[in-house]
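First up is the structure itself, then whatever we jot down about it.
Numbering (mature numbering (1 follows the signal peptide of the UniProt record, and there is no 0)), first residue to last: -24 to -1, 1 to 916.
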């Protein structure tokens, strides 16, 4: 009864929130009617559409005429289309505003209508920024072709471009941008891949209509399985029936599919569900979701269990789907995910009931997306220079070309390399009426081979372009440039042709320029060749140089004699040569004070010369590791102290800032469970950190690598966990302001010669302010350890470190890695896998097999309890580091109690059953967070 009241209250909350959520989503939608002439609201779904006439300066608006025989009516957004010229050298782009780091669904649709005389249906390419999104092939003028892609925005805008028609002309009907909930469509690969939607099917649909907004608040389009197309959902198994319900279905999972889709399904009454469909642009790697919700009221003695038998994938096909059990009840969604699977062009899939099941398989919906490799855009170094040039004459068409400068086709006034990312090789702005000075920002465009700026109104001197080492041709003729010719023009190694005639340059021409293949400098009245010396002047100059050389040699001999006498006197003062005190001139002796004490031992970081580090590391010859910072080398200083030397791999300004941050942090942090910083080096474009060397490597090596074939026993794991927890507790409470590590993981917990654990790697650390409870930051960290609340909200707190440490505890318990499709199947993460087992009161299945029979089960349970609390989806439900330390100490006491007694528990089942009751308090599912009118995304 109590559970039923909770359910009713939850549904009431959702009903109250939903209208606000829908309205909030709707205001963020972008819906463009391409070719339309006015803004309007679609009466079918309430979506607001706007015309593209003020967004793009190309193409023409064309009325779409439907074939009367087709008998289709697709709504107001498809009454017009925008056609573009068939110019193979041009692209036509729409710019859509985005919020950096947010995920979006972008949809482009194409409806051509009936053909006119002599026309052929179009075939052309569609791009998102520099990535080829799709090839649009129109075969039926009455059909609306839909292309959808899911992205994580990396900047404030994206470009959707059409180009490269092979038949007909490029065209577009609508363009839509839909922001997604922060938890939706997250993958481990989103920095390198887009998700191109291949199929989204509503099974058991009541009719052929698609389901979209307002039934789906995110306006995804769910196709009906009743639609008839070639090779679309064929080979249906005998006994397949359609079912539906009017009862509400709980859909608060990661992907939030619409309730209306989950209220229908197909079932295999004869034990099998079979379907086959074609997937465009396959074979490929894909992200696939199956949506299951039990919407039949089964009797107490009835069960529905089934397996996926086709395609056969061991990790997935061996798993039994029991919807009611997996989803914790009927009318509740279960959505197993296949995050990275290889699928063929023709996808045949089949579900079959198990032998102990009374009911056949059930399927509500599927969603399949292809991983689409993100192509590199033009180098940002080049974009800076190009944008400055464009701003010099922003009103002209050449300065308003859109999209990427190089991909898919280059702008008219540039040529590009085939490198990744593309580099600008030629800039041709001859006769473009440019005014002002030549931009100094061109200095960064070191891929340039030709620069044509002639026949303009440029003035002032030639800026420093000494970085353009690939420049071959420089055209600056017919401007108003002035000043002396800079010396760097003589040193550019590949410069062959220089044209500077008809300007106002002055002074002498550097003689080296006259040796270039082509050098034109006429019509510069104040510019002249260097005067040649007469024979007498040359003779005089030669005698003077010889005399000066003779004087220099004499002075050098005198200096050497004087220095030798000084050294002999020094030996006499300090005894014989063999007994002399050797004083090194190397700056590394600054480690020692005048009293001879070793300043390293005082815990203060000192600047160490690069030469000393080269000597200590034998010129960086022994690599011992690699991290986000860069490579790590083993070294031994002059005082025999062993060190780990970390060399920054990227000396960009961002990472230099990270380097300064790390030095500043570690120089003031001193705790026995934190790896101490000994010194640093910042010279010759090198950023280097010097740490105490940790002889036994990382905790990750010992858990997953079995260093030396020897595994850690349970007590050793507990001691390591306690040490690491104390280090983190010091960062959180012992530093003022407190420090949040942000990248807690087993590879950042190091072990010294005595197997004492110390936390390392503060390159991602952030200091929190005294008056703040969190730090707003772009989510950073490591997959598998990343706090889902931090990932979703980008609000960083100390509880983010607690979540990551909870994953470390689960690794210590299980000996398993944090993320693995092989080990965890559809759950994919150690957190979901362990949470499911703990809820069942089964801790034995979590334990590392190496520990079986060697531990006290109560000690295991104590750590399992605190670990599961640490990985609670919401930070406020997680413990503090102090509480974690106490729990680990309890486990150590339990494990040590009666040490030497060989008696082991004869059965763990009794312990598990009593423990299951104790776990109830913190395994309850919390109420959804409905602040700001949004349901908080559930952790997966």
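Yeah, the Cβ is synthetic: ideal placement off N, Cα and C, and Gly gets one too.
Determine whether the beta carbon atoms of residue i and residue j lie at a separation below 8 Å.
i	j	result
residue 809	residue 818	no
residue 84	residue 383	no
residue 867	residue 835	yes
residue 327	residue 423	no
residue 397	residue 354	yes
residue 206	residue 225	no
residue 173	residue 7	no
residue 381	residue 365	no
residue 97	residue 114	yes
residue 434	residue 412	yes
residue 218	residue 242	yes
residue 76	residue 132	yes
residue 445	residue 426	no
residue 922	residue 463	It is not possible to answer for residue 922, since the shown part of the chain is limited to -24 through 916.
residue 794	residue 849	no
Classify residue i as buried or exposed, calling it buried when 16 or more other Cβ atoms lie within 10 Å of its own Cβ.
i	result
residue 639	buried
residue 451	buried
residue 512	Residue placement at residue 512 is poorly supported in this model, since its pLDDT is 49, which falls under 50; the coordinates still yield a value, given next. Its Cβ having fewer than 16 others within 10 Å, residue 512 is exposed.
residue 490	exposed
residue 784	buried
residue 506	exposed
residue 701	buried
residue 712	exposed
residue 180	buried
residue 321	exposed
residue 503	buried
residue 341	buried
residue 467	exposed
residue 918	Because the chain in this structure spans residues -24 to 916, residue 918 falls outside the shown range and cannot be described.
residue 334	exposed
residue 124	buried
Could you pull the DSSP bridge partners for residue i from this structure?
i	result
residue 599	609
residue 99	113 and 143
residue 172	125 and 346
residue 435	413 and 456
residue 323	253
residue 757	Paired residues: none, contrary to the question.
residue 284	327
residue 865	Residue 865 pairs with nothing; no bridge assigned.
Roughly how many whole angstroms lie between the Cα atoms of residue i and residue j?
i	j	result
residue 720	residue 663	23 Å
residue 283	residue 304	18 Å
residue 646	residue 586	25 Å
residue 275	residue 332	15 Å
residue 695	residue 317	40 Å
residue 89	residue 119	8 Å
residue 39	residue 153	24 Å
residue 494	residue 461	16 Å
residue 292	residue 593	48 Å
residue 385	residue 330	55 Å
residue 471	residue 657	37 Å
residue 644	residue 730	25 Å
residue 216	residue 308	22 Å
residue 182	residue 191	14 Å
residue 168	residue 32	29 Å
residue 887	residue 650	Low confidence applies here, because residue 887 scores a pLDDT of 35, under 50, leaving its location unreliable and the question unanswered by this model.
residue 709	residue 669	26 Å
residue 350	residue 724	30 Å
residue 854	residue 847	7 Å
residue 237	residue 193	12 Å
residue 148	residue 280	46 Å
residue 87	residue 150	9 Å
residue 782	residue 845	8 Å
Say the cut is 7 Å; is the CB of residue i nearer than that to a heavy atom of the ligand HEM?
i	result
residue 663	The ligand HEM is absent from the structure shown, which contains no ligand whatsoever.
Task: Secondary structure, beta strand (DSSP E): runs of 3+ residues fully inside the segment 209 to 266 - done: Secondary structure within the segment 209 to 266: the beta strand (DSSP E) runs of 3 or more consecutive residues, fully enclosed, are 216 to 220, 240 to 244 and 248 to 254 (chain order).
TODO: Ignoring anything shorter than 4 residues or poking outside the segment 456 to 507, list the alpha helix (DSSP H) runs there in chain order.
DONE: Qualifying alpha helix (DSSP H) stretches: none in this window.
Task: Inside the segment 632 to 716 only - beta strand (DSSP E) runs reaching at least 3 residues - done: The qualifying runs are 653 to 659 and 662 to 668.
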